[in-house]
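Participant:
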Amino acid sequence: LNVAAYREKMRELPLVSLFCSCILPQNPEPPAEQKEAGVVDLNLCNIRDMEVIELSKRSSGQAFEVILKPPTFDGGPELRATTPPRQKPSLEEIQKKLDAAQERRKCQEAELLKHLAERREHEREVAQKALTKERQEHRADAHKEQRLMHLNASQEKLQEEVRTRT
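Here this note's numbering is used: the first residue of the sequence shown is 891, the next is one more, and so on.
1. Run through the stretch 980 to 1007 for me and flag every whole alpha helix (DSSP H) of 4 or more residues, listed as ranges in chain order.
2. Just how far apart, CA to CA, sit Phe-954 and Thr-972?
3. Output yes or no for whether 7 Å exceeds the beta carbon distance between Glu-944 and Ile-957.
4. Where does the unbroken beta strand (DSSP E) through Gln-952 begin, and where does it stop?
5. Tell me the rounded alpha-carbon separation between Arg-995 and Glu-1024.
6. Hey, how far is the Cα of Ile-1038 from the Cα of Gln-1045?
7. Spell out the partners DSSP gives Ser-946 in its beta bridges.
8. What are the partner residues of Glu-941, as DSSP defines its beta bridges?
9. Rounding to the nearest angstrom, what Cα-Cα distance links Leu-1006 and Val-1016 in this structure?
10. So which of Glu-898, Gln-1026, His-1033 and Asp-1031 has the shortest CA-CA distance to Gly-951?
11. What's the gap between the Cα of Arg-948 and the Cα of Tyr-896?
Here is the structure:
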């Protein structure tokens, strides 16, 4: 494996160059904080060993597998496991929140009442339409009966006249 070719390929990847100092050009003087050779400082942990395995080499390019050993958390800054303490809200802030909650409740109640009123109005309209339709059907039936009675009466008269003439 050609390490120089690998470093050149890895330099093209902007993210890798941020966390891996082995790709960056070698400084003549290593920083005073770095004690061991081959250690990458991420300000949180140290990555000590890195293994590079060549998977395939073709004219179209090379494939590498980079294996990093698990990081150790020695010498890095302490991470806070807890959240910072909350400030106690003032009476003014509490009152503002209570007022806002009360206003939301009033708006929700008004919206609910409006919705119920619309529903009642719709039900009233539906009932009115049904009643109107029923009345119209009743009138149509009554008119039909009267017409039939009138026709029957007319036919009887005609039949009577025919009988009297003959």
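Don't be surprised by glycine CBs; every beta carbon is placed ideally from N, CA and C. Keep in mind the model is a prediction, meaning the values are calculated, not measured.
Facilitator: A quick look at the data gives this:
1. Here no run is fully enclosed.
2. The residue you call residue 954 lines up with position 64 of the sequence shown. The residue you call residue 972 lines up with position 82 of the sequence shown. Approximately 40 Å between the Cα atoms of the pair.
3. The residue given as residue 944 occupies position 54 in the sequence shown. The residue given as residue 957 occupies position 67 in the sequence shown. Contact: no.
4. In the sequence shown, the residue the question calls residue 952 occupies position 62. Per DSSP, Gln-952 belongs to the beta strand (DSSP E) from 951 to 958.
5. The residue you call residue 995 lines up with position 105 of the sequence shown. The residue you call residue 1024 lines up with position 134 of the sequence shown. Spanning the two alpha carbons is a distance of roughly 43 Å.
6. For the purposes of this step, residue 1038 is taken as the residue at position 148 of the sequence shown. For the purposes of this step, residue 1045 is taken as the residue at position 155 of the sequence shown. In the sequence as presented, Ile is not what sits at residue 1038; that position holds Leu. Using only the alpha carbons, I get a separation of about 10 Å.
7. By 1-based counting over the sequence shown, the position of residue 946 is 56. Answer is Ala-953, bridged to Ser-946.
8. On the sequence shown, position 51 is the one that residue 941 refers to. Answer is Ile-957.
9. In the sequence shown, counting from the first residue as 1, residue 1006 sits at position 116. In the sequence shown, counting from the first residue as 1, residue 1016 sits at position 126. Distance from the CA atom of Leu-1006 to the CA atom of Val-1016, rounded to whole angstroms, is 15 Å.
10. Position 61 of the sequence shown, counted from the start, is the residue given in the question as residue 951. For Gly-951, the nearest C-alpha among the options comes from Glu-898.
11. Here the question's residue 948 lines up with position 58 in the sequence shown. Here the question's residue 896 lines up with position 6 in the sequence shown. Approximately 14 Å between the Cα atoms of the pair.
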